[in-house]
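Each remark here refers to the structure printed beneath this line.
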Amino acid sequence: MILKSAKYDTEISVDQFNQLIRDFEVQYLQDRDYQHRLAVHRRPVVVMNETLNELNSYLQEIQGREELRDFDQERNAHGYATTKINDIWTADKRVRTLYNAVKQYCLLRSKDFNVIAVHVAEYRAMNKLYRKIRRAVYKMEGKKNSLEIPQTNVVEQKDHVHHPSTKTLPKPAIQTSPERSVPIDPNNGKVIFNTRPQTWQELQDFVGQLFREMGFDVEISKVLEHVRGKKEVDVYAIDRSSEYHPQILIECKHWNHSVKQEVVHAFHDVMVNYGANTGFIVSKSGFQQGCYDAIKNTNIHLVSLEELEEKYYAKWQAGMINKSMSLSDVLFPYWDPSGGKMPADGKPISFDTQRLLDEAYQPFHYIDARFLLISGQPIYNYPLTLPVLNDHFDVTGEAVMKNDRDLFDFMEANKDKVLRHYKILYREIQAL
Numbered sequence: 089m090i091l092k093s094a095k096y097d098t099e100i101s102v103d104q105f106n107q108l109i110r111d112f113e114v115q116y117l118q119d120r121d122y123q124h125r126l127a128v129h130r131r132p133v134v135v136m137n138e139t140l141n142e143l144n145s146y147l148q149e150i151q152g153r154e155e156l157r158d159f160d161q162e163r164n165a166h167g168y169a170t171t172k173i174n175d176i177w178t179a180d181k182r183v184r185t186l187y188n189a190v191k192q193y194c195l196l197r198s199k200d201f202n203v204i205a206v207h208v209a210e211y212r213a214m215n216k217l218y219r220k221i222r223r224a225v226y227k228m229e230g231k232k233n234s235l236e237i238p239q240t241n242v243v244e245q246k247d248h249v250h251h252p253s254t255k256t257l258p259k260p261a262i263q264t265s266p267e268r269s270v271p272i273d274p275n276n277g278k279v280i281f282n283t284r285p286q287t288w289q290e291l292q293d294f295v296g297q298l299f300r301e302m303g304f305d306v307e308i309s310k311v312l313e314h315v316r317g318k319k320e321v322d323v324y325a326i327d328r329s330s331e332y333h334p335q336i337l338i339e340c341k342h343w344n345h346s347v348k349q350e351v352v353h354a355f356h357d358v359m360v361n362y363g364a365n366t367g368f369i370v371s372k373s374g375f376q377q378g379c380y381d382a383i384k385n386t387n388i389h390l391v392s393l394e395e396l397e398e399k400y401y402a403k404w405q406a407g408m409i410n411k412s413m414s415l416s417d418v419l420f421p422y423w424d425p426s427g428g429k430m431p432a433d434g435k436p437i438s439f440d441t442q443r444l445l446d447e448a449y450q451p452f453h454y455i456d457a458r459f460l461l462i463s464g465q466p467i468y469n470y471p472l473t474l475p476v477l478n479d480h481f482d483v484t485g486e487a488v489m490k491n492d493r494d495l496f497d498f499m500e501a502n503k504d505k506v507l508r509h510y511k512i513l514y515r516e517i518q519a520l
């Protein structure tokens, strides 16, 4: 109908394609009187969830249209045009836009670009609308929980609950931990290590882990060879992702007394003779005043472990996110309608089960390229509570995360389980 009414005698332009996407979204909401229903309903989230359910079914209907059926002659395999278009866009970042990906697909399959473009524009519009409403639901549920849920102590795991939901709790008052020399807020999210080192070996291991998780090449207790001989440093790190491969030397002092000026002078000699770019002395018990005079006009920094965590938090967070990107890309077609994934047998999947999995594994959904720009802000307003599922999608407990460290540990521990569960949902494998 659109093709006939618009009389596209020439190829649809990129501006027309983008306008179609906007028009489809607006028309869908108008046809369902969405805004009015939200305004008059006592519980707007009910309307949102009903619309999400409808959109989920409609997306599968669009994808199953004859025009969007795909046949790969080389593999003798049937599939969906949306899946292939997504593959084209993912495989080559030079494609840049969905419009260009559709054009390449039509050239590859010798299909009418205008016909495919209109169907894909509607699919894209419904997908954008689905994601927009889903974000609004999460936001609304988070605000509701922050008002209704009383402040309690965070429990790492609770067993045999019926159906916990994601909770955004108010932050408790700042507490003081006997293991640290400064007050900490356990729920501010900006935590790299949940425990404190008790020995100098642990301190250098913590520092090494920090730089390794940022993506640096790290060596513990490295022997350096320089113009005056050899010298061992506690931690050596090199950033190979940067153009000039800057080198960092770190000395770790887990002493019960403050570091003296002579230690700084000796470390400065090593820095100069080896030609390192930056140096850190990490001290458990601080530094004497003369140390700060000794580092003037040098590239040496005197810090506690907490100060080192604060300085590098954003870079550490970006490194941890980058580690998770490959799995996030694998999961994308399962949880996002624009991914083009359909069940192996072509039949619909349970919308309620899909939402339960999305809730249980939402950290995997949100870890993508946009979070590389978050500038060290916590990914969530912690604590974050997620349901724990078995292979039959029964809720067997809940997992609680207090900070980004807990979040990344959760993702590492569940990286195999999350993919298995989505494959079970899409009937690609059987439950264990």
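When the sequence shown is numbered by my numbering, its final residue is 520 and no position is left out of the sequence of numbers.
Built from N, CA and C at the ideal position, the CB exists for glycine as well.
Whether residue i touches residue j by CB criterion (8 Å)
i, j, result
"E149", "L217", "no"
"I204", "Y193", "yes"
"N344", "N365", "no"
"A213", "M136", "no"
"N202", "I100", "yes"
"K474", "E447", "Going by the sequence as given, residue 474 is Leu instead of Lys. Yes. Within cutoff."
"P466", "D494", "no"
"D479", "I437", "no"
"D305", "I326", "yes"
"K341", "Q376", "no"
"I308", "E339", "no"
"M408", "E301", "yes"
"T170", "V208", "yes"
DSSP three-state assignment for residue i, whether helix, strand or coil
i, result
"M214", "helix"
"S309", "strand"
"T98", "coil"
"M489", "strand"
"P475", "strand"
"D497", "helix"
"Y324", "strand"
"R300", "helix"
"F105", "helix"
"A165", "strand"
"V114", "helix"
"Q335", "strand"
"L461", "Here L461 scores only 45 on pLDDT, less than 50, and its place in the model should not be relied on; the value that follows carries that caveat. Correct three-state label for L461: helix."
"G434", "coil"
"V279", "coil"
"T287", "coil"
"T178", "helix"
"H314", "strand"
"T441", "helix"
"K341", "strand"
"K429", "coil"
Reference residue i; option with closest CA among the options
i, options, result
"K310", "P471, D103, D119 and D293", "D293"
"R316", "V306, M359 and H345", "M359"
"G367", "I383, Q377 and Y116", "I383"
"Q161", "R197, E395 and Y380", "R197"
"R443", "F481, M430, G434 and S414", "F481"
"Y449", "S438, P431 and L419", "L419"
"Y454", "E395, F201, H342 and L415", "L415"
"E290", "S346, S371, H356 and R163", "S371"
"T98", "Y324, D121, R163 and D200", "D200"
"L147", "N469, D504, M430 and P471", "M430"
Cα-Cα separation, residue i to residue j
i, j, result
"L393", "L298", "10 Å"
"T178", "M413", "13 Å"
"Y514", "Y422", "8 Å"
"I237", "E486", "Because the pLDDT at I237 is just 31, under 50, the model does not fix this residue reliably, and the point stays unresolved."
"N282", "G374", "21 Å"
"L520", "H333", "47 Å"
"N106", "N188", "12 Å"
"A354", "L186", "58 Å"
"I517", "I109", "35 Å"
"R184", "L195", "17 Å"
"Y510", "M489", "22 Å"
"V483", "L140", "22 Å"
"K181", "E331", "22 Å"
"R157", "F496", "39 Å"
"S329", "G303", "8 Å"
"E521", "V128", "Lying outside 89 to 520, the shown extent of the chain, residue 521 is not represented and no answer is given."
"V506", "I90", "40 Å"
"P274", "N215", "Residue confidence for P274 is low, a pLDDT of 45 falling below 50, so the modelled location carries little weight and cannot support an answer."
"Y380", "T441", "59 Å"
"L477", "N502", "11 Å"
"R508", "L445", "11 Å"
"D121", "Q115", "10 Å"
"E350", "P285", "25 Å"
"S234", "V133", "In this prediction, S234 scores a pLDDT of 39, lower than 50, which makes its location untrustworthy; no coordinate-derived value is stated."
Cutoff 8 Å: residue i Cβ touching any chain C Cβ
i, result
"H509", "Any reference to chain C falls outside this structure, which holds one protein chain only."
Which ranges does the alpha helix (DSSP H) cover as unbroken runs of at least 4 residues, wholly within the segment 349–401, from first to last along the chain? Qualifying alpha helix (DSSP H) stretches, in chain order: 349–362 and 377–382.
Identify every run of the alpha helix (DSSP H) within the segment 130–176, keeping only runs that are complete inside it and at least 4 residues long; order them along the chain. Unbroken alpha helix (DSSP H) stretches of 4 residues or longer found wholly inside the segment 130–176: 132–151, given in chain order.
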